[in-house]
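Here's the structure, in structure tokens; my notes come after.
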Amino acid sequence: STYFFDAYSFNVAANNTPIAIDMRSSQFDAGLLLYKVENNSLTLIAADDQTGGYGNGSVENNNALLLTVLQTAGQYVAFASSSDFEPNGVGNYTIKITANVALQLNYGQTISNAAITGTDLQTSAGTYLDLYWFNAPGPNNIQIGMNSSAFDSFLILQRNDGDPPIASDDNSGGGNNSLITFQLPTGGIYMIIATPFAPGVTGAYTITLNQIGGFAPDGANPLLRYLRPSRSIADPRGPAPDGVRSSFERAARRRVVIE
């Protein structure tokens, strides 16, 4: 398959810089690939093709929003392209790169004065979101809680290399509160998307990140029921063209050719 791309180069001055790359098009299914420039070569570090469509707890359109923490300073290149669902995709689009878009959370930390506002990141589906990241020391069990009396909260957990979500929840915390209890498979950086369930909604909330004990091997631990979240974000386009793979895994199969 052939995928055309435009390339945008930018520099990051500090380690652990969280960025958002927002790409929108009404003419093709958008896909973003992010590379680090090292020794005159490109190393793929993240990709996205659906996060820009998040709204109402689902994927509402085919726009991309790449959310990641750049762990080292240096030069990066963003490829604006079409997703694997649309080879040879061409047409008009907009792209915006924003830095320092996320706060770091540590285990045991609670932010009690957080708020979704009209100046936050907003998906093309109209949903405002706050972005957080944390660094897991290794495989462990975590619990993320988001409580609000102002709106129906929704939590999304993603890997640092892009979509799709590895967990999401909208009501396991009771009422309109969200609670993700999840067993991280590996250490490293993870992204938390905290958002109202509905587009255009703002208001105050609290968010908490905790590391919790191990799950009972016989399944008796009641926390096990949260390993399958109350609502998952399904891709309306169906299975990926090459099977169940993340955007990063699919993008890694592309070979850059300059003609």
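One gets the working numbering by counting positions in the sequence shown from 1 and adding 1474 to each. Idealized CB from N, CA, C, for every residue including glycine. Every value quoted in this text rests on a predicted model; they were computed, and no experiment measured them.
Short CB-CB distance (under 8 Å) between residue i and chain D
i	result
Gln1657	No chain D is part of this structure, which consists of one protein chain only.
Distance, residue j Cα to residue i Cα
i	j	result
Ser1515	Gly1649	50 Å
Arg1728	Ala1610	29 Å
Ala1520	Gly1687	30 Å
Phe1671	Phe1479	33 Å
Ala1589	Gly1712	34 Å
Asp1635	Phe1722	6 Å
Ala1488	Asn1574	10 Å
Leu1614	Phe1656	The sequence given here has Asn at residue 1614, not Leu. Straight-line Cα distance between these residues: approximately 8 Å.
Leu1683	Thr1676	22 Å
Ser1500	Asn1537	8 Å
Ile1618	Ala1668	10 Å
Leu1652	Ala1576	Sequence check: residue 1652 is Ser here, not Leu. Roughly 19 Å between the two C-alpha positions.
Gly1661	Phe1608	10 Å
Ile1585	Thr1591	16 Å
Asp1626	Ile1654	15 Å
Gly1563	Asn1587	43 Å
Glu1512	Ala1678	42 Å
Residue range of the unbroken beta strand (DSSP E) whose run includes residue i
i	result
Arg1633	Ser1627 to Arg1633
Val1575	Unbroken run through Val1575: none, as it is neither H nor E.
Thr1676	Here Thr1676 belongs to no beta strand (DSSP E), and DSSP marks it neither H nor E.
Ile1654	Ser1652 to Gln1657
Ala1554	Gly1548 to Ser1556
Tyr1477	Tyr1477 -> no beta strand (DSSP E), and no H or E assigned at all.
Ala1488	Segment: none, Ala1488 is in no beta strand (DSSP E) and carries neither H nor E.
Asn1587	Gln1583 to Ile1590
Pro1638	Gly1636 to Asp1643
Asp1522	Ser1515 to Asp1522
Pro1670	Gly1662 to Pro1670
Buried or exposed by the 16-neighbour rule on C-beta atoms within 10 Å, applied to residue i
i	result
Thr1593	exposed
Ser1475	exposed
Pro1659	exposed
Pro1561	exposed
Gln1524	buried
Ala1632	Checking the sequence shown, residue 1632 turns out to be Gln, not Ala. With 16 or more Cβ atoms within 10 Å of its Cβ, Gln1632 is classed as buried.
Ser1557	buried
Thr1601	buried
Ile1732	exposed
Pro1703	Legend: pLDDT at Pro1703 = 39, less than 50; position of this residue unreliable, value from coordinates given subsequently. Looking at its Cβ environment, which holds 16 or more other Cβ atoms inside 10 Å, Pro1703 is buried.
Val1533	buried
Ser1483	exposed
Pro1639	buried
Lys1674	First, the amino acid is wrong: residue 1674 is Gly here, not Lys. Exposed, by the Cβ-count rule.
Ser1720	buried
Ser1623	exposed
Gly1529	buried
Gly1582	exposed
Asn1566	exposed
Ala1641	buried
Residue i - containing alpha helix (DSSP H), residue span
i	result
Arg1727	First-last for Arg1727: undefined, no H or E at that position.
Integer Cβ distance of residue i from residue j, believed to fall under 8 Å
i	j	result
Leu1506	Met1497	5 Å
Ala1663	Gln1545	The residue you asked about is not Ala; residue 1663 is Ile in the sequence shown. Ile1663 to Gln1545, Cβ: 7 Å. Contact.
Val1543	Thr1491	7 Å
Asn1535	Gly1548	That belief does not hold up - the Cβ atoms of Asn1535 and Gly1548 are roughly 32 Å apart, past 8 Å.
Tyr1606	Tyr1550	Between Tyr1550 and Tyr1606 the Cβ distance is about 21 Å, and since that is not below 8 Å, they are no contact.
Thr1572	Ala1494	5 Å
Residues that DSSP places opposite residue i in a beta bridge
i	result
Phe1502	Answer is none; Phe1502 lacks a bridge partner.
Tyr1567	None, per the DSSP bridge assignment.
Leu1540	Ile1495
Pro1561	According to DSSP, Pro1561 bridges with nothing at all.
Glu1534	In DSSP, Glu1534 forms no bridge with anything.
Asn1614	In DSSP, Asn1614 forms no bridge with anything.
Gly1619	Leu1653 and Thr1682
Gly1648	Asn1651
Gln1545	Partner(s): none; Gln1545 has no beta bridge.
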